[in-house]
Amino acid sequence: MDNITASEIAGFGVGTLLLCATIAAPKVDALISASQRSSLGMCRKCGDLRMIACSKCKGIGLIRKGGFSVSFINDFFDSLGDSNRTMPSIPCISCQSKGRIQCPNCSSSIQLK
Numbered sequence: 021m022d023n024i025t026a027s028e029i030a031g032f033g034v035g036t037l038l039l040c041a042t043i044a045a046p047k048v049d050a051l052i053s054a055s056q057r058s059s060l061g062m063c064r065k066c067g068d069l070r071m072i073a074c075s076k077c078k079g080i081g082l083i084r085k086g087g088f089s090v091s092f093i094n095d096f097f098d099s100l101g102d103s104n105r106t107m108p109s110i111p112c113i114s115c116q117s118k119g120r121i122q123c124p125n126c127s128s129s130i131q132l133k
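When we follow the working numbering, the leftmost residue of the sequence shown carries the number 21, and every step to the right adds one.
Quick look at the structure:
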């Protein structure tokens, strides 16, 4: 790295900005959608569907058995369609293998009425 040109530095800067934007995109999307839902008078969390994805199984209904796992790496390999990796799965007890649970915001307001 003796002779770094201005174009290379700019490339590193743009790459860094793109990486940060990619990482922040789901959070920004969630913020905007929650704002739109509240302005329309809908539930901020579920959009009046009264169901949300289970946070333990991520809406799948199954939890992978095993030791330490990094969900980002697992999701990456799953998106590539790596069918050679077989990990035993157990049913999610939090959602009874449905992959969804009742929205805590909507279910509490229904019980109060």
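Cβ coordinates follow ideal geometry from the N, Cα and C atoms, glycine included.
Everything numeric in this text was worked out from a predicted model, so none of it was measured.
Going by DSSP, name the residue or residues bridged to residue i.
i, result
"GLN122", "MET71"
"ILE113", "Answer is none; ILE113 lacks a bridge partner."
"ARG84", "SER109"
Give a yes or no on whether the C-beta atoms belonging to residue i and residue j are separated by under 8 Å.
i, j, result
"ILE83", "CYS112", "yes"
"ARG70", "CYS123", "yes"
"CYS74", "GLY35", "no"
"LYS85", "ILE110", "yes"
Roughly how many angstroms separate the alpha carbons of residue i and residue j, rounded to a whole number?
i, j, result
"LEU38", "CYS63", "32 Å"
"SER55", "ASN23", "48 Å"
"THR25", "ASN125", "54 Å"
"GLY81", "GLY31", "42 Å"
"SER59", "CYS66", "14 Å"
"GLY87", "PRO108", "Legend: pLDDT at GLY87 = 49, less than 50; position of this residue unreliable, value from coordinates given subsequently. When rounded, the distance between both Cα atoms is 11 Å."
"GLY61", "CYS40", "32 Å"
Assign residue i to buried or exposed, taking buried as 16 or more other Cβ atoms, counted over all protein chains shown, within 10 Å of its Cβ.
i, result
"ILE29", "exposed"
"ILE121", "buried"
"ILE43", "exposed"
"ILE72", "buried"
"LYS133", "Residue confidence is low: LYS133 scores 47 on pLDDT, short of 50, so the model does not pin down where it sits. Its coordinate-derived value is still stated next. Classification of LYS133: exposed, given that the 10 Å Cβ count is below 16."
Starting from the Cα of residue i, find the closest Cα among the options and give me that residue.
i, options, result
"LYS78", "SER117, ASP68, SER27, SER127", "SER117"
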